[in-house]
Amino acid sequence: MSDTQASVGTVILTINGKQVEAEAGELVIEAAESNGTYIPRFCYHPRMEPVGMCRMCIVEIDTGRGPALLPSCMITVAPEMVVDTESEVTKKAQDGVLEFLLVNHPLDCPVCDKGGECPLQDQTMSYGPGESRFIEEKRHFEKPIPISDLVTLDRERCILCDRCTRFASDVAGDTLIHFQDRGNQTQVNTFPDHPFASYFSGNTVQICPVGALTASPYRFKARPWDLDQVESTCTTCAVGCRTLVQSSRNEILRYQGVDIDPVNWGWLCDKGRFDFESVNSDDRLGAPLVRDGDAMLPVTWGAALSKAAAAIAAAEPARIAVIGGARLTNEDAYAWAKLAKGVIGTDNVDAQLGDGLPAEVVLGLPRATIDETFTVGGTVLLLAPDLKEELPVLFLRLRHAVLKDNVTVVELAPQRTSASPLAAATLLHRPGSEGEVMAAVLAGSTDREVGGVSPEAIAEAAALLADGPVTVILGRSNLGDDGAGAVAAAAAIHADNPEVRFLSALRRGNVHGALDMGLAPGVLPGRVSLEAGGAWFQSNGWPTMPTGRGLDTRGILQAAADGKIDVLVMLGADPLANFPDTGLATRALAAARTVVAVEHFLTASARHADVVLAAAGYAEVDGSTTNVEGRVSTVARKITPPGTARADWMIAAELSRLLGTDLGLESVEQIWSEIESLAPSHAGITWDLLRSDESRDGVVVPLAADAARPSLLDYTAPADTTAPAFDAYSLRLVASRKLYDLGTTTQRSGSLAGLVGGTDVRLNSYDFDRLGIEPGANVTLTGSAGSLTLVAQRDDGVPRGSAAVYVNQGPAVGSLIDSAQAVAEVRVERA
Amino acid sequence: MARLTETNLGTAHEIISRYPRPKSALIPLLHLAQEQDGFVADDAMAHIAELIGVTPAEVLGTCSFYEMFKREPVGDYLINVCTNIACMLVGGEELLHHLEGRLGIKAGSTTPDGTFTLEDVECIAACTEAPCLQVNYRYVNKVSHAEADTLIDDLRAGRRAGEVPKHGVLARVRQQIPAERRAGNAAPGESGEPVWLQSAARPTEAGAGT
Amino acid sequence: MTVTEAPPIITSRFGHSDSHTLERSLATGGYDGLKAAMAKTPTEVGDEVKSASLLGRGGAGFPAGTKWGFCPPGVWPRYLVVNGDESEPGTYKDRLLMERDPHQLIEGVLIACYAIGAAQAFLYVRGEMALAQERIAQALNDAYAAGYIGQNILGSDFSVDIVLHWGAGAYIVGEETALIESLEGNRGMPRLKPPYFPAAKGLYMQPTVVNNVETLANLPWIISKGGAKFAELGAESSRGTRMFAVSGHVRNPGVYEVEFGVTTFRDLIYAPVYGGGIRDGHSLKAFIPGGASAPWFYEEHLDIPLEAGAVGAAGSMLGSGAIVVMDDTTDAVKAAWRVVRFFARESCGKCTPCREGTSWLEKVLRRILDGHGRPEDVGLLLDVCDNISPGIAWPPKQTTICPLGPSVVSPIASAVVRFKDEFIAYCGGTAESPVAISGKAYLPMRTTKPNEVAGV
Ligand SMILES: Cc1cc2nc3c(=O)[nH]c(=O)nc-3n(C[C@H](O)[C@H](O)[C@H](O)COP(=O)(O)O)c2cc1C
Ligand code: SF4
Ligand code: FES
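Printed below as a string of structure tokens:
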């Protein structure tokens, strides 16, 4: 900030006799704190609108009309203002408020989860009066009541600060808890039989200033003083929320959100917050397994590794493939890329499971950060899946952007999403036709319906996008098609204006780090193409290089099914659960000669493996991860892995050694310095920088250019694809994800496992009439790959001609998808 | 005991149409539900939530704040005896206790036959007529114990049906804004300076309004 | 005894049994004030009201004309919200004005809307007042039909809808920002001032004028007869006439419209045409001069005129024109408890000191009345009061959001200081105050140093 700016934006006021500087518009409570005076508070929370209800922060403020007791959380600083936080009057008033808060409080600290980290308890110790003068009967409420599957409420402890209720309505938009009754009987509660079923409910537990709200997964597990913690980054999805990992006796007990400006503002979603249970799961693999007939037997690492190595050694590079890797840290991913491409020499490597977008698109298009995407007054084009289901905290940022920073959202999607109510316009398109719809929007108008979208809707969207700057959030909104539509739409946008920037909406944990590290066909670590970077890496210690571009996961599984893959390595990949076309995945696993799984659990896919190598996981290894923005931040080791499970990079190094090559990687730190020194996009991002205070928020890649290294791959538009012709006799399948599914993370987290909702097939009213069926009826969906019977539900958020289902919810939706087809056409008949 | 009937739904839409924002109609709509069922049923609250586009929790939040809304059935006759200062000074409490004895119930409860609910209430703005009470929100002033007894007998015998409608009914006349006379809602952002101010501003050099 | 012969201004039609009908209204000059107003410019109407120096009749006593001027220029739409929530214990006048002369109120509302440029008016009637709601609904329907309300009023370009709205039982909703919350469909919890002053950020965060029923009922007369004529009546800041409800231990309790500013409390309580004196054979013990929130007055205050300034200087307020008279048979502790119970029951619960403090005080007083008083209780009562309203001053300071919390202090300080012996009889001890009490009406009194709690 230049001096002029500084002087413009600042105000001089007096706090406790000292002249201090504050930012214009800043609240007194903040100004005081940044100048070293902490004013006690309960209802005030920096990420929510102040309400001035608890009155704990009242201090004497003189705005010219003499000192008056005012809530410092509601008053903004003004020149000449005189604030006294230590006067007799202030002290007595604050002590009084504290006493009032305690008169009806049960004071059951010894049995309260919050004991030891409770602001009310702490205030009482430091400011409060001694023994109670209140001898009357206290207020009584039925002791803790569950207000959702995850959260429990003790109304006797509640001090009615309005934090949880404000969070629910203002931040999450789930107004399912609310003040009820009046005066001294006021309570927080839900409407009868409408539980607080919010994906974000855990945040209310974290921000509750007393022990009124507690999380079932943590209740009575530990006392704060037994907890030992380290700061890390959540890898449950790709948003990259900053967290505190807290453990006791080598067991993870809790994650807490950490407030960092560029990403999560302190919030976490419930999946990210509570899936620590899966880390502690008894089902975790503690030793390698080797197939013996139908049995999987525990064996020594030596035995397992040499069996895997032997299979690899015996096969030609082109007949070896590696899928998965989004679960890995950047360092692990680099080690595996180096093993696969630099040692084995295969380019059949893909961290995505046919459910994402081509690496060139994600890495090649101009990137935007979350903050850049949501600049005040800006416009966002949403070409993505339901953010609330796939990247929950990014949804909170979008919601804030629309409601508070007047950001305009235009949505192009195959079905309405949680973002639709916030969008200025939502264009519901026919699966696969994003490209042509986008082209029409960019053209400004059309005379005919395009991809199921009316000319009016297209004109409206065009008008809204006209006054940019526009940023695009790009992801894969339908697993029922091959994603070519989204790719074509992005191409059209880029062709129209190369300045437009994109924020990736790929969901899986560290998928962006895996792509950066080269775990995709045709690319090498540091966002360079195989051609551009091959020589560089070989001259820098990579023994070999693939001869040409390899296959992506779809190609790999097809090849495997055709008997062209001898060794299939699954790096934390569960294609049976996650590859859209279940049929192909099944055939591939059956036909691949040797299947090696590097896993935490014996997943459905791992059960088909010949060798299963037990990997260490989240909170068990140090390293770094990369989020949707390309922001690299640290993840930290807090506990030891189960049994003899090993870090993924060690497994890669061992296999390499058995293959007769020293991978040259000895430690996470050393791997990172190799990445920093070789990967073109990672120049300058040193191990120390990442762990320095100023990089607590992480560092966005690339940081600095290094002319000596190969240039980053730039975007090349894909060959024109024409949207598949539309068959009026069938419906197009829209297959999307829910936050809670049958994936291992949810299922191995006891508290979340039960939250899976299953799936019906949702159809537009028009199609009900057309097909002559009633809502609630059983219908059979028949696709080219198979058929399935589901209950039909009316949902006009699904456009005419589409049939919407959720994947990985139980019913074998994957049996309807044939990944050889651009889109999945299904016929729907009464069962 | 449930969602609003077709007729009441019509009334509900008419009420909502008078406000720039639907949620403003919430209290009148809760009264409508109470008029229909004698109390505010959960289903009615859920229905109202749909009508004004909020969650049921928000509706309950408002409903439970106000004393007049009953969430369980009450007696046919709700007797509110004022015991606040002005009435207390001239026998309000004694009147309440007399009625407790006469009805055989404590204030805050309902007679077993469901005819009467007795309540001890705050000032009902009839202080110069103390001691006073309300039956289904109709006033009875300067009530002697004898008059209280007659009142109970009359109500039991249905002799006051004319002046005292069933619980939940307040005004028996509804406001009706004739379409052709209607000036229309002034929603924020949708209406600017009133025309009569502009025209008035022209002759005199005066600024806006005041 | 000076009982002036002021003309009835707002109760002029009360003599007629059909005073609530449009016919009677029109037959007795109804809507002439509106026509007179519309013949002037809105600005001139505003000036006329300023010249009348009409004080708000809702309790705060703020000059109406000045208040209208607070709406920020150029911000539209503006709203008028009529406060007909009358619930202050002892207060009984707005209900009469709404039941007996709804057209006079409607006319006043129209005049105000015309002057301030309100695009819509909301008439908020207390929920328990079924008859008032009925009469106003009928009056509105008739006035709409007759062309006085709605589109192009009386053929002019002045158009405004008046919407009848009604509450559901919550005293706090009388507070103007709570009233607005309630009108938005929310829990009636006050907003913080600053920043939410209705004139700037009121209904739907738009400029909003909130006026009391009686305040507006004066407008037709003021406009037709002239502000100057109105200002001739009364004295000092208190002009015109005002309705007072005299209740409690007087011979003839009633609601009287008297000349403001000059009539004294003694007149109202003792004059045969008004209160007629203390009921048989008893003497005055104390009286509440302006509603339950007001510090009590005693014998020595009787000759203070009903004038806002004078009453304020003596340490209390005229508030909502409610005078509650207590004779020598009154148990001061019981009277204080009953008023405190009211505030405890009516606290909205939004802010801590009021939510917890008022019911704590109520419990302590109840315990004392039940015979379980302790010597330290008086000190406790006053110290808790001090934590709600520091300094037990008048006008009150507050640790709360709105004035309801501090209102609980008036009855306690009034009773404790003046009728100390009664508390000592219940609690023993010396009933010394541990905190300094500065409210003038509470004096005389003795204080000890802070924290030196009486009797311990
Ligand atoms: C706790 C509380 C209760 C109030 N109750 C009422 C009321 O019942 N009626 C009323 O007109 N004003 C009441 N007021 C005053 C209003 O806040 C507001 O000042 C008044 O309606 C403004 O109208 P006026 O300027 O015409 O008097 C109350 C104020 C407080 C703090
Ligand atoms: S002082 Fe009482 S009534 Fe006023 S806001 Fe606080 S709690 Fe509510
Ligand atoms: S923190 Fe300011 S009032 Fe609660």
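Protein chains in written order, with my numbering: chain A, 64 to 894; chain B, 41 to 250; chain C, 55 to 510. Ideal Cβ positions, reconstructed from N, Cα and C, are used throughout, including at glycine.
Mind checking whether the beta-carbon of proline 457/C lies closer than 7 Å to any heavy atom of ligand 1?
Checking every heavy atom of ligand 1 against the Cβ of proline 457/C, one is found closer than 7 Å.
Isoleucine 556/A, enclosing beta strand (DSSP E) - first and last residue:
It is not in any beta strand (DSSP E) - isoleucine 556/A instead sits in the alpha helix (DSSP H) that spans 547–559.
Just to confirm, does phenylalanine 124/C get its C-beta within under 7 Å of one of the non-hydrogen atoms of ligand 1?
Because no heavy atom of ligand 1 lies under 7 Å away, the Cβ of phenylalanine 124/C does not count as near it: no.
Please list the residues of the segment 410–426 of chain C that have a C-beta atom closer than 8 Å to any C-beta atom in chain A, keeping them in chain order.
Here the close residues are Glu410, Gly411, Thr412, Ser413, Trp414, Lys417, Val418 and Arg421.
Supposed close pair leucine 307/A, valine 326/A - CB separation, criterion 8 Å:
So it is not a contact: roughly 14 Å between Cβ atoms.
Within 6 Å of ligand 3: residues by beta-carbon to any heavy atom:
Counting every residue whose Cβ lies closer than 6 Å to a heavy atom of ligand 3, we get Arg104/A, Phe105/A, Cys106/A, Tyr107/A, Gly115/A, Met116/A, Cys117/A, Arg118/A, Met119/A, Cys120/A, Pro134/A and Cys136/A.
Can you tell me whether DSSP reads valine 439/A as helix, strand or coil?
Looking at valine 439/A - three-state DSSP - the assignment turns out to be coil, as it is neither helix nor strand.
Buried or exposed, going by whether 16 or more other CB atoms sit within 10 Å of the CB of histidine 53/B?
An exposed status is given to histidine 53/B, since fewer than 16 other beta-carbon atoms sit within 10 Å of its beta-carbon.
Buried versus exposed call for lysine 404/C [16 or more other C-beta atoms within 10 Å across all chains shown]
Buried, because 16 or more other Cβ atoms sit within 10 Å of the Cβ of lysine 404/C.
Measure the beta-carbon distance from leucine 46/A to valine 472/A and round it to whole angstroms, keeping in mind my assumption that it falls under 8 Å.
A question about residue 46/A goes unanswered here, because the residues of chain A that appear run from 64 up to 894.
Using the C-alpha atoms, what's the distance from threonine 453/C back to glutamine 478/A?
Going from the Cα of glutamine 478/A to the Cα of threonine 453/C covers about 52 Å.
Since asparagine 120/B sits in a beta bridge, which residues does DSSP pair it with?
The bridge partners DSSP lists for asparagine 120/B are Glu159/B and Gln174/B.
For cysteine 117/A, collect the residues of the same chain with a Cβ closer than 6 Å to its Cβ; drop the 5 residues on either side in sequence, then sort them by chain order.
Result list for cysteine 117/A: Phe105, Cys106 and Cys224, in chain order.
C-alpha distance - valine 764/A paired with alanine 260/A, whole-angstrom precision:
CA-CA distance, valine 764/A to alanine 260/A, rounds to 37 Å.
Does any heavy atom of ligand 1 sit closer than 7 Å to the C-beta of aspartate 139/C?
Because some heavy atom of ligand 1 lies under 7 Å away, the Cβ of aspartate 139/C counts as near it: yes.
Near threonine 95/B, what residues of its chain come up, given a Cβ to Cβ distance below 7 Å and the 5 sequence neighbours on each side ignored?
Around threonine 95/B: Ala89.
Residues bridged to phenylalanine 341/C (per DSSP):
The partner list for phenylalanine 341/C (beta bridge, DSSP) reads Phe351/C and Val379/C.
Threonine 75/C: CB within 7 Å of a non-hydrogen atom of ligand 1:
It does not: the Cβ of threonine 75/C is nowhere closer than 7 Å to a heavy atom of ligand 1.
From Ile738/A, Glu294/A, Ile521/A and Val870/A, residue whose alpha carbon lies closest to that of arginine 759/A
Arginine 759/A has its Cα closest to that of Glu294/A, out of Ile738/A, Glu294/A, Ile521/A and Val870/A.
Look at leucine 475/A and leucine 461/A and say whether their C-beta atoms are less than 8 Å apart.
In this structure, leucine 461/A does not lie closer than 8 Å to leucine 475/A by Cβ.
So for proline 134/A, helix, strand or coil by DSSP?
Proline 134/A carries a strand assignment under DSSP once its states are collapsed to helix, strand and coil.
Length at least 4, wholly inside the segment 184–253 of chain A: the alpha helix (DSSP H) runs in chain order:
If you keep only unbroken alpha helix (DSSP H) runs of at least 4 residues inside the segment 184–253 of chain A, you get 226–229.
Using the Cβ count rule (16 or more neighbours within 10 Å means buried), how would you classify methionine 259/C?
Burial call: exposed.
Take glycine 369/C and list the residues in its own chain whose beta-carbon comes closer than 8 Å to its own, dropping the five residues that flank it on each side.
Excluding five sequence positions before and after glycine 369/C, the CB atoms of its chain that fall closer than 8 Å to its own CB belong to Pro349, Trp448, Gly493, Lys494, Ala495, Tyr496 and Leu497, given in chain order.
Quick one: is proline 143/C near chain A, going by C-beta distance under 8 Å?
Not closer than 8 Å to any Cβ of chain A, the Cβ of proline 143/C fails to qualify, so no.
Mind checking lysine 252/B: buried by the 16 CB within 10 Å criterion, or exposed?
Outside the modelled stretch of chain B, which goes from 41 to 250, sits residue 252/B, for which no answer is possible.
Alpha-carbon to alpha-carbon, proline 96/C and isoleucine 170/C:
Going by the C-alpha atoms only, they are around 7 Å apart.
Identify the continuous beta strand (DSSP E) that holds methionine 359/A and give its terminal residues.
For methionine 359/A, the enclosing beta strand (DSSP E) starts and ends at 358–361.
Which chain A residues are close to arginine 472/C, counting only those with a beta carbon under 7 Å from its beta carbon?
In chain order: nothing, as chain A lies at least about 25 Å away.
For isoleucine 92/A versus glutamate 84/A, is the C-beta distance shorter than 8 Å?
No.
Label isoleucine 216/C either buried or exposed according to how many other C-beta atoms from any shown protein chain fall within 10 Å of its C-beta, with 16 as the threshold for buried.
With 16 or more neighbouring CB atoms inside 10 Å of its own CB, isoleucine 216/C falls in the buried class.
Select from Leu505/A, Cys120/A and Ala867/A the residue whose C-alpha is nearest the C-alpha of valine 842/A.
Per the Cα distances, Ala867/A.
Locate the beta strand (DSSP E) running through asparagine 265/C, then write down its first and last residues.
Secondary structure note for asparagine 265/C: its beta strand (DSSP E) is the uninterrupted segment 262–266.
Is the distance from the Cβ of proline 455/A to the Cβ of tyrosine 262/A below 8 Å?
The Cβ atoms of proline 455/A and tyrosine 262/A lie closer than 8 Å to each other.
Quick one: what does DSSP say aspartate 158/A is sitting in, helix, strand or coil?
Helix.
Under 6 Å Cβ to Cβ from alanine 60/C, same chain only, skipping five residues before and after it: list those, please.
The residues are Leu287, Thr295 and Glu313.
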